[in-house]
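Notes follow once the structure below has been shown.
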Amino acid sequence: MAQQPNIKEAYRLFWIVKGHLNCTPDTALSCYDGYFKRAWYTGEGWVHEDGFEEAYEKKFRPTGLN
């Protein structure tokens with residue numbers, strides 16, 4: 014069984030595919046495997062990563078989730 018990613022990594026892939034972080038932690042984690050495959054096979058995941066760190070910090074800084 015594969016190890017579950019940390020929540021920030023799950024949200025990073027959610028951001029790459031969807032372009033926003035408007036989802037629950039459970040949703041981000043459940044989408045991880047499929048979104049990982051999508052980003053891996055297209056080879057363009059890094060292109061859509063711009064802005065993630067800022068958006069993540071804005072959303073989760075008050076809660077300390079990382």
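In short: position in the sequence shown from 1, add 13, done, that's the numbering used here.
Ideal Cβ placement from N, Cα and C applies to all residues, glycine included.
Which of helix, strand or coil does DSSP assign to residue i?
i, result
"Gly47", "helix"
"Leu42", "helix"
"Arg74", "coil"
"His33", "coil"
"Asp63", "coil"
Whose C-alpha, out of the options, is nearest the C-alpha of residue i?
i, options, result
"Tyr48", "Ala23, Asn19 and Pro75", "Ala23"
"Gly56", "Gln16, Pro18 and Val30", "Val30"
"Glu67", "Thr40, Asn19 and Arg25", "Arg25"
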